[in-house]
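Scroll down for the structure; my scribbles are underneath it.
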Amino acid sequence: MTARIYLFDRLTKLFKKLFPTFLGVILAFYMNDVWVNRQEQQSIDQVKQTLQEELTQNIAQIKRQIEYHQMVEDSAAHLAKLYVLDQDESKLPLANFWNGLQGSHLSDAAYLTAISTQNLAKMELKVANAIAGAYSAQRNYESILQSARSALLGKDWPNYISWINYMRWSANNIKFAEMAIV
Numbered sequence: 290m291t292a293r294i295y296l297f298d299r300l301t302k303l304f305k306k307l308f309p310t311f312l313g314v315i316l317a318f319y320m321n322d323v324w325v326n327r328q329e330q331q332s333i334d335q336v337k338q339t340l341q342e343e344l345t346q347n348i349a350q351i352k353r354q355i356e357y358h359q360m361v362e363d364s365a366a367h368l369a370k371l372y373v374l375d376q377d378e379s380k381l382p383l384a385n386f387w388n389g390l391q392g393s394h395l396s397d398a399a400y401l402t403a404i405s406t407q408n409l410a411k412m413e414l415k416v417a418n419a420i421a422g423a424y425s426a427q428r429n430y431e432s433i434l435q436s437a438r439s440a441l442l443g444k445d446w447p448n449y450i451s452w453i454n455y456m457r458w459s460a461n462n463i464k465f466a467e468m469a470i471v
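Heads up: the sequence shown at position 172 corresponds to 461 in our numbering, and the numbers run straight through without jumps.
Dropping the structure here:
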């Protein structure tokens, strides 16, 4: 029995000597985790702010173009209506007041950075989905715009009214893609 008490006494003394060291190590690990989590949260908050600023700038660019594309669509519809009434293409006024299809290259640098640094994956699912949806709408817009431009430049237009109808259709598609971004 004395050997047990002696062993217990030695272990107790050893534990008392090592307890401050164990406590210090545990406290150091805990403080390191707190510091790392705080740094990570600050990084995520900064990425969110940068994404919000980038999206706000992109939306501001798009809002200015919605009116223009509505005007192109309306005026093309008017020219098509004039053609239907008269069936004489030579009497139609030229649509030289248009400035082409117009479109903006929207920034996605903050989004690509958030993905490559894996900060997007660390955000709440609801926020990450909203951000991904916003940039998906931008990619859809850019795809529609690029397709419209390619077809407009690469096609041999048989007549003026075909070109007018294509412009009306393209302006409508671009406008709806812009509205989805906004």
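Note that CB positions come from ideal geometry on N, CA and C, so glycine has one too.
Nearest-angstrom Cα distance between residue i and residue j?
i, j, result
"His394", "Ser379", "36 Å"
"Met320", "Glu356", "55 Å"
"Ala239", "Leu434", "With the chain covering only 290 through 471, there is no way to say anything about residue 239."
"Ala317", "Lys306", "18 Å"
"Pro447", "His358", "23 Å"
"Gln350", "Gln330", "30 Å"
"Val336", "Ala399", "7 Å"
"Asp363", "Trp387", "12 Å"
"Ile294", "Leu300", "10 Å"
"Ile348", "Ser425", "14 Å"
So is residue i buried or exposed if we call it buried at 16+ other beta carbons inside 10 Å?
i, result
"Gln346", "exposed"
"Gln341", "exposed"
"Arg457", "buried"
"Lys464", "buried"
"Ile420", "buried"
"Thr413", "Rather than Thr, the amino acid found at residue 413 in this sequence is Glu. With fewer than 16 Cβ atoms within 10 Å of its Cβ, Glu413 is classed as exposed."
"Asn408", "buried"
"Gln338", "exposed"
"Val323", "exposed"
"Gly313", "exposed"
"Gly443", "exposed"
"Val373", "exposed"
Anyone know if the C-beta pair for residue i and residue j falls short of 9 Å?
i, j, result
"Ser286", "Leu390", "Limits of the chain in this structure are 290 at one end and 471 at the other, which puts residue 286 out of reach."
"Asn454", "Ala369", "yes"
"Ile470", "Ala423", "yes"
"Tyr449", "Leu381", "yes"
"Ala384", "Ala366", "no"
"Lys415", "Ile333", "no"
"Gly392", "Gln427", "no"
"Asp397", "Glu343", "yes"
With H, G and I counted as helix, E and B as strand and the rest as coil, what does DSSP make of residue i?
i, result
"Met360", "helix"
"Leu383", "coil"
"Leu414", "helix"
"Ser393", "coil"
"Trp446", "coil"
"Asn347", "helix"
"Asp377", "coil"
"Asn326", "helix"
"Asn408", "coil"
"Asn429", "helix"
"Asn321", "helix"
Starting from residue i, follow the alpha helix (DSSP H) in both directions and report where the run begins and ends.
i, result
"Leu401", "398–405"
"Asn454", "449–470"
Within the present structure, is the beta-carbon of residue i separated from the nearest heavy atom of the ligand NAD by less than 8 Å?
i, result
"Trp452", "In terms of ligand content, the structure shown is empty, and the ligand NAD therefore cannot be addressed."
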